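Chemist: After the structure tokens below, expect a handful of questions from me.
In structure tokens form, the structure reads like this:
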């Protein structure tokens with residue numbers, strides 16, 4: 001569980017300045033630039049390097065880490081359990097709604113039924129070695145990119161939230177978030193109390209502006225995944241945009257840092273969780289929280305066209 005007692009919202013519990021400043025997530029104050037742990041699976045053969053990367057993230061001010069039991073079939077959660085201590089004050093956010101499927105077109109298969117959600121919560125609790133998960137995101141399959149539900153995996157959000165709310169009442173979940181949802185589904189879910197929304201969103205794929213405005217109005221954190229696009233070959237890439245490269249050259253930073261900085265400037269409720277398995281990229285991602293974009297740069301970036309982010313599965 002996160003430690004308490006931070007003397008200033010501008011620093012973490014250990015006194016490190018928060019990358020990107022302070023944001024709010026499920027009642028916790030967190031750094032606006034955190035860390036998405038999915039890519040830690042790339043370090044499966046070098047456990048020491050993976051643990052060192054997580055410790056370095058905490059040293060640099062990360063106190064919001066995003067994970068799931070299905071990342072590396074428990075490997076990533078196991079690394080987090082070993083590397084991150086309660087005194088670090090890190091909010092570890094998990095997700096449910098899928099199970100590993102290494103032989104599929106994506107390495108996941110839907111696990112949307114209420115009993116599957118409960119099993120996944122229990123698996124996250126066990127692998128992280130905690131009594132309560134601060135935030136659990138329900139990974140729905142309503143929006144691109146990628147995975148879609150079929151057959152008995154098409155489940156009403158109300159039935160799913162009833163199970164997660166029961167587990168929140170039992171004390172196993174602190175707060176509930178949603179991932180890969182539409183504005184209509186979010187509106188249906190609001191009575192359950194939603195802490196955050198994770199959808200695919202970046203400078204080059206901004207089809208969720210309506211959703212973002214709704215989250216701002218409701219005080220819900222917006223946590224975009226694929227914040228730089230390009231996670232799959234069919235997806236547009238932020239770094240390919242001339243306006244992004246021009247802004248990066250002007251400010252002496254990387255195109256990726258411009259893409260992350262734009263997200264932070266775009267809305268006050270944005271929390272970032274860029275992922276990497278490289279310590280240099282980690283430091284660069286966190287440094288994006290200090291990049292300042294003036295009005296002219298923002299206007300040029302805002303004018304970049306938005307394109308769909310769907311991923312063909314054929």
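Residue numbers (the UniProt record's numbering): 1 to 314.
In this text, a Cβ means the ideal position worked out from N, Cα and C, and glycines have one as well.
Since the model is a prediction, treat every value here as computed from it, not as a measurement.
1. Could you name the residues of the same chain whose beta carbon sits closer than 7 Å to that of residue 305, not counting the 5 residues immediately before and after it, in chain order?
2. Buried or exposed: residue 127, going by 16 or more other Cβ atoms within 10 Å of its Cβ?
3. Enumerated in chain order, which unbroken segments of the alpha helix (DSSP H) with a length of 4 residues or greater are wholly contained in the region 259 to 297?
4. If you draw a straight line from the alpha carbon of residue 247 to that of residue 208, how long is it in whole angstroms?
5. Which residue marks the beginning of the alpha helix (DSSP H) containing residue 127, and which one marks its end?
6. Using DSSP with H/G/I as helix, E/B as strand and the rest coil, what is residue 199?
7. DSSP three-state label for residue 15, please.
8. Please report the distance separating the alpha-carbon of residue 26 from that of residue 272.
9. State the Cα-Cα distance for the pair residue 4 and residue 175, rounded to the nearest angstrom.
10. Is it true that the CB of residue 92 sits closer than 8 Å to the CB of residue 84?
11. According to DSSP, what are the bridge partners of residue 110?
12. By the 10 Å Cβ neighbour count, where 16 or more other Cβ atoms means buried, how is residue 161 classified, buried or exposed?
13. Is it right to say residue 32 is buried, meaning 16 or more other beta carbons lie within 10 angstroms of its own, or is it exposed?
14. Report all residues from its chain with a CB closer than 6 Å to the CB of residue 106; omit the five preceding and five following residues, and keep chain order.
15. Are the beta-carbon atoms belonging to residue 88 and residue 8 less than 8 Å from one another?
16. What are the partner residues of residue 347, as DSSP defines its beta bridges?
Modeler: So, from the data block:
1. Beyond the five residues adjoining it in sequence on each side, residue 305 comes within less than 7 Å, by CB distance, of no other residue in the same chain.
2. With 16 or more other Cβ atoms within 10 Å, it is buried.
3. 279 to 287
4. Just so you know, the alpha carbons of residue 247 and residue 208 end up roughly 24 Å apart.
5. 114 to 128
6. coil
7. coil
8. Residue 26 and residue 272: Cα-Cα distance of roughly 15 Å.
9. Its pLDDT being 43, under 50, residue 4 is placed unreliably in this model, and the value from its coordinates should be taken loosely. Cα-Cα distance, rounded: 17 Å.
10. yes
11. 98
12. Answer is buried; the Cβ neighbour count reaches 16.
13. buried
14. 146 and 147
15. no
16. An answer regarding residue 347 cannot be provided, because it is not within the stretch 1 to 314 covered by the chain.
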